[in-house]
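Enquirer: Residue numbers (my numbering): 2 to 742.
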Amino acid sequence: MAKKRSGGGLTGTQQAAKFLGVSVLSGAVLAGIALPAAGALGLAAKGTVEGFDEIPSNLKTPPLSQRTTILDSKGGLIATVYSRDRKVVPLEKISPYMQKAIVAIEDARFYEHGAIDLKGVLRAINKNAQSGGVSEGASTLTQQYVKNVFVEEAGDDPEKVAQATQQTIGRKVRELKYAIQVEEELGKKKILENYLNITFFGQQAYGIEAAAQRYFSKPAAKLTLGESAMMAGLVQSPSRFDPINDLQEATKRRNIVLQRMADVGDISQAEFEKAKATPIKLKVKTPRNGCITAVDGAGFFCDYVRKTILSDPVFGKTSEDRQKLWNLGGLTVRTTLDPKAQAAANEAAVAKVNKDDGVATAVVQVQPGTGKVLSMSQSRPYGLDQKAHQTTLNLAVGSKMGGTTYGFPVGSTFKPITAAAALEKGLSPAQSFDTPWKISMKESDYTRCDGKPSGYADWSVQNELKTEKGAYDMTSALGKSINTYFAKLEQMAGLCETLTMAKKVGYERELGKPIKQSPSATLGSLESTPLDMANVYATFANRGIYCVPVVIDSIKAANGDKLNVPQTKCTRAMSDHTADTINQMLKGVVEDGTGTRAGLSDRDNAGKTGTTEGRKDAWFVGYTPDLSTAVWVGDDVGKRDEMFDLTIGGEYYEKVCGGCLPGPIWRIAMTGALGSDAPSFVDVKVPRAEKPKEKKKPEDDKPGDREDDKPADKPVVPFPDITLPDLTGGDAGRGNGRGNR
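So this is what it looks like as structure tokens:
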């Protein structure tokens, strides 16, 4: 006997059940007549049927989340990334056995009834009315498909998933209505195809193609009778019938499906007996998901691509739009990564620095003239296992793209920017200054871009060695990395002009933080990233034209449509003559200056060393006309220790310098990445100043009374040997001008 509410009458659930029963019997539901509003049925507390008269378009062609494939510039696989491991395939690429098995076990009368199985509905309604709730379902395969669409749309939002699967009359009513319309508009075969592509089969596999690959390492088209029966049996409970975790339970369930197929006439008794007697033979393929699986140490590049899609407005106006695109997946992303360059960068990153060393290195390469990032690697592998010295911190970029907060102080690698600003202002490379090894400058002599003095204190600047004094022109000052020269050159070029040039060539600070207008900028006291510095020097290689870095060449959606991707934007930062002059002067750094260990002997190349205050950072940034590479070495964790008395990569360093560690790393990366073509820089004559002969005093070779109290290397004339360390430079906070090389 039906249960009564206190006060008399049936409950809301019972009223709905009674109404549905009458509707089914009268054919009203099948005719698609609009049902009464939820409130009239007392369904408001159980669910909603809003929007009942119009079927959402995504029920007909739902956007199913699929794998995204990330490729290098040659079409080679970098990594596969997904939130749902799925590959949508047409029905003709699904084994006929699989089609029959899923129908037999889930909805044997699928081809006979409409969207609703009348017998099943009547049976469920009677039982549910007696229980006062929804204790039994009668969902057809079409209704299951409709439910799965809403579950898919809910994504990983627990609340939305709960709403999509809640056991209420309201949800069931909505399911019935949509199922009728889906069946009318799609037909049986398309519904079956969509169902097999959307359904979850356990082990992170969504859709039959991914599931066939996961359990049997084969496409869905080649599934046998027994394999198909096992797969069909998973749908009811993917965890309970998981053959990887419980083969015995999976076998029982498979046999039930086989029996059902025999009962409905899909297979003969002989086929049933043979399949039942055949053991399940799995050939499990371990899922490889995410940038952690990237080849040749390209995990950091892969993650940079992901963050580009999630952050660039070209992929959606809002962060929610971009996240939805990424989660939906199904993308084929052709990137700018050059496999040869990446292999070389990865080799270089681990050649001189071990993953368990106290310091790390980052290597990034950019193609001048296009902005294409060709490689990105570092000594610590990409991953989450800190015990294995893995990290997801991308040392080549800033925090917005998964890196450090602001980057790292760049040391003397900034000095060519000052030189470019001076040349653009009309100063000659022959401009010379006769200075002692240590000078004091007034901050008030440096003017900010608002016309105000940069400060009012005295700024003390010194070189690395006491012997580094006397007259230097721009070429010799770059070659020997003379701090006192560049302090004076920045004054003549103008602080504002120097920082303006820095912005033009791509020197940026993360999180929108403006470049600090301090005189110590010329000594590299401010932070930037290896990627930005590679682009700065690519501007010199590109004869003064800066190009915004890009990592994506093209993207195809799952349906084959091409998506818009970020395009590089190239702007002139300096005249071609200025850039050509810088190139010629920086050739001297690798030929007989502080970067001789880095220099390449078979082609034109140029670069600059850099070391910061306390040797916490060591740099080498260099280039050929067709490739620019930045290498950074430093402490990437903890308190950023100074690099003195260290063993790195099995080799002892009394003190780390830009030429003695980043330089050789740069050489390995460049040698492996470059091809046989060896273009040359444009040859221009660089004016030189006559340098007077200097008399050396014996005491000049003694260590200077520097703040770090470390002995200086012995000088070599005319330029220091590469064994000389880079000058230490004032950091952003202190700006004391203590040398950089």
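Each residue gets a CB set at the ideal place from its N, CA and C atoms; glycine is no exception.
1. Can you tell me whether V285 is buried or exposed? The criterion is at least 16 other CB atoms within 10 Å of its CB, across all chains shown.
2. Near A350, which residues of its chain fall below 6 Å by C-beta distance, leaving aside the five closest residues on each side in sequence?
3. Mapping the DSSP letters down to three states, classify R668 as helix, strand or coil.
4. Counting beta carbon pairs with one atom in the stretch 560-573 and one in the stretch 649-663, are three or more of them shorter than 8 Å?
5. Can you tell me which of the three DSSP states I440 falls into?
6. Please return the same chain residues whose Cβ sits closer than 7 Å to the Cβ of L259, not counting the five positions on each side in sequence.
7. Is it true that the CB of T336 sits closer than 9 Å to the CB of L78?
8. For a quick check, are the C-beta atoms of Q343 and S376 less than 9 Å apart?
9. Just to confirm my understanding: we take S7, look at its own chain, exclude 5 residues before and 5 after, and list those with CB closer than 8 Å. What are they?
10. Going by C-alpha distance, which of I106, E469, L490 is nearest G427?
11. With H, G and I counted as helix, E and B as strand and the rest as coil, what does DSSP make of L564?
12. Give me the Cβ distance between P430 and M475, rounded to the nearest whole Å; I'm assuming they're in contact under 8 Å.
13. When the Cα atoms are used, what is the spatial distance from T279 to L142?
14. Identify every residue that forms a DSSP beta bridge with T336.
15. Expressed to the nearest angstrom, what Euclidean distance is found between the alpha-carbon atoms of D593 and P680?
16. Where do the N-terminal and C-terminal ends of the alpha helix (DSSP H) with A503 fall, by residue?
17. Figure out for me which residue from S461, T371, A421, P550 has the closest Cα to the Cα of P626.
18. How many Å lie between T294 and V374 at the Cα?
19. Going along the chain, which residues of its own chain have a beta-carbon closer than 6 Å to the beta-carbon of A1, five neighbours each way excluded?
20. In terms of residue numbering, what span does the beta strand (DSSP E) encompassing N395 cover?
21. Determine the direct distance from the alpha carbon of G331 to that of L587, and round the result to whole angstroms.
22. Write down the C-beta distance between S413 and K617 rounded to the nearest angstrom, noting that I regard them as a contact closer than 8 Å.
23. Quick one: Cα of S461 to Cα of K308, how far?
24. Can you find a CB in chain C that lies within less than 9 Å of the CB of K388?
25. Should I440 be labelled buried (16 or more other beta-carbon atoms within 10 Å of its own) or exposed?
26. As a quick exercise: from I649, A674, A271, G673, pick the residue whose alpha carbon is nearest that of L662.
27. Quick one: what's got a C-beta closer than 7 Å to R289's C-beta in the same chain, skipping five residues either side?
28. Go to A472, then tell me how far its beta strand (DSSP E) extends in each direction, as first and last residue.
29. Does DSSP classify K94 as helix, strand or coil?
30. Is it true that the CB of K101 sits closer than 9 Å to the CB of I268?
31. Is it right to say A607 is buried, meaning 16 or more other beta carbons lie within 10 angstroms of its own, or is it exposed?
32. On the CB-based measure, 16 or more other CB atoms within 10 Å of its CB, does P417 come out buried or exposed?
33. Hey, quick one: how far does the beta strand (DSSP E) through K656 stretch, first residue to last?
34. Could you check the C-alpha separation between A690 and T485 for me, to the nearest Å?
Expert: Quick answer:
1. The residue you call residue 285 lines up with position 284 of the sequence shown. With fewer than 16 other Cβ atoms within 10 Å, it is exposed.
2. Residue 350 sits at position 349 when you count from the first residue of the sequence shown. T362, V364, S378, Q379, S380, listed in sequence order.
3. For the purposes of this step, residue 668 is taken as residue 667 along the sequence shown, with counting starting at 1. DSSP places R668 in helix when its eight states are reduced to three.
4. They do not touch, by the three-pair rule.
5. For the purposes of this step, residue 440 is taken as residue 439 along the sequence shown, with counting starting at 1. In this structure, I440 counts as strand in the three-state DSSP scheme.
6. Start at 1 with the first residue of the sequence shown, and residue 259 comes out as number 258. Excluding positions up to five away in sequence, the list reads A230, F273, A276, K277.
7. Taking the first residue of the sequence shown as position 1, residue 78 is located at position 77. Taking the first residue of the sequence shown as position 1, residue 336 is located at position 335. Contact: no.
8. Numbered from its first residue, the sequence shown carries residue 343 at position 342. Numbered from its first residue, the sequence shown carries residue 376 at position 375. Less than 9 Å separates the beta-carbon of Q343 from that of S376.
9. Locating residue 7 in the sequence shown gives position 6, counting from the first residue. Per-residue confidence for S7 stands at a pLDDT of 39, beneath the threshold of 50, marking its modelled position as unreliable; the derived number appears in the next sentence. So no residue of the chain qualifies.
10. Numbered from its first residue, the sequence shown carries residue 427 at position 426. Taking only the C-alpha atoms, the option nearest G427 is L490.
11. Here residue 564 is taken as the residue at index 563 of the sequence shown, counted from 1. Reduced to three states, the DSSP call for L564 is strand.
12. Working through the sequence shown from its first residue, we reach residue 430 at position 429. Working through the sequence shown from its first residue, we reach residue 475 at position 474. Indeed, because the Cβ distance is near 4 Å, the residues count as touching under 8 Å.
13. For the purposes of this step, residue 279 is taken as the residue at position 278 of the sequence shown. For the purposes of this step, residue 142 is taken as the residue at position 141 of the sequence shown. So the alpha carbons of these two residues sit roughly 28 Å apart.
14. As a first step, residue 336 must be located in the sequence shown, where it is residue number 335. I553, per the DSSP bridge assignment.
15. Position 592 of the sequence shown, counted from the start, is the residue given in the question as residue 593. Position 679 of the sequence shown, counted from the start, is the residue given in the question as residue 680. One C-alpha to the other measures close to 21 Å.
16. The count along the sequence shown starts at 1 and reaches residue 503 at position 502. 496-505 is the extent of the alpha helix (DSSP H) around A503.
17. Stepping through the sequence shown from its first residue, residue 626 is reached at position 625. Answer by Cα proximity: T371.
18. Taking the first residue of the sequence shown as 1, we reach residue 294 at position 293. Taking the first residue of the sequence shown as 1, we reach residue 374 at position 373. When rounded, the distance between both Cα atoms is 20 Å.
19. Since the first residue of the chain shown is 2 and the last is 742, residue 1 is not available in this structure.
20. Position 394 of the sequence shown holds residue 395. Where N395 is concerned, the enclosing beta strand (DSSP E) stretches over 395-399.
21. As a working mapping, residue 587 is identified with position 586 in the sequence shown. As a working mapping, residue 331 is identified with position 330 in the sequence shown. Using only the alpha carbons, I get a separation of about 46 Å.
22. Residue 413 sits at position 412 when you count from the first residue of the sequence shown. Residue 617 sits at position 616 when you count from the first residue of the sequence shown. With 8 Å as the limit, S413 and K617 do not qualify as a contact, their Cβ atoms being about 14 Å apart.
23. Reading the sequence shown from its first residue, position 460 is the one you call residue 461. Reading the sequence shown from its first residue, position 307 is the one you call residue 308. So the alpha carbons of these two residues sit roughly 42 Å apart.
24. Reference to chain C is not applicable here, since this structure consists of a single protein chain.
25. Position 439 of the sequence shown, counting from 1, holds the residue named residue 440. The residue is buried, with at least 16 neighbouring Cβ atoms inside 10 Å.
26. Stepping through the sequence shown from its first residue, residue 662 is reached at position 661. Nearest C-alpha to L662: I649.
27. As a first step, residue 289 is located in the sequence shown; it is residue number 288 there, counting from the start. T81, listed in sequence order.
28. Residue 472 sits at position 471 when you count from the first residue of the sequence shown. Per DSSP, A472 belongs to the beta strand (DSSP E) from 471-473.
29. As a first step, residue 94 is located in the sequence shown; it is residue number 93 there, counting from the start. The answer is helix: DSSP assigns K94 an H, G or I state.
30. Counting from 1 along the sequence shown, the entry for residue 268 is found at position 267. Counting from 1 along the sequence shown, the entry for residue 101 is found at position 100. Going by C-beta atoms, I268 is nearer than 9 Å to K101.
31. As a position in the sequence shown, residue 607 is number 606, starting the count at 1. It counts as buried.
32. Here the question's residue 417 lines up with position 416 in the sequence shown. P417 is buried by the Cβ-count criterion.
33. Here residue 656 corresponds to residue number 655 of the sequence shown, with the count starting at 1. Segment 652-656, the beta strand (DSSP E) holding K656.
34. One-based indexing of the sequence shown puts residue 690 at position 689. One-based indexing of the sequence shown puts residue 485 at position 484. When rounded, the distance between both Cα atoms is 17 Å.
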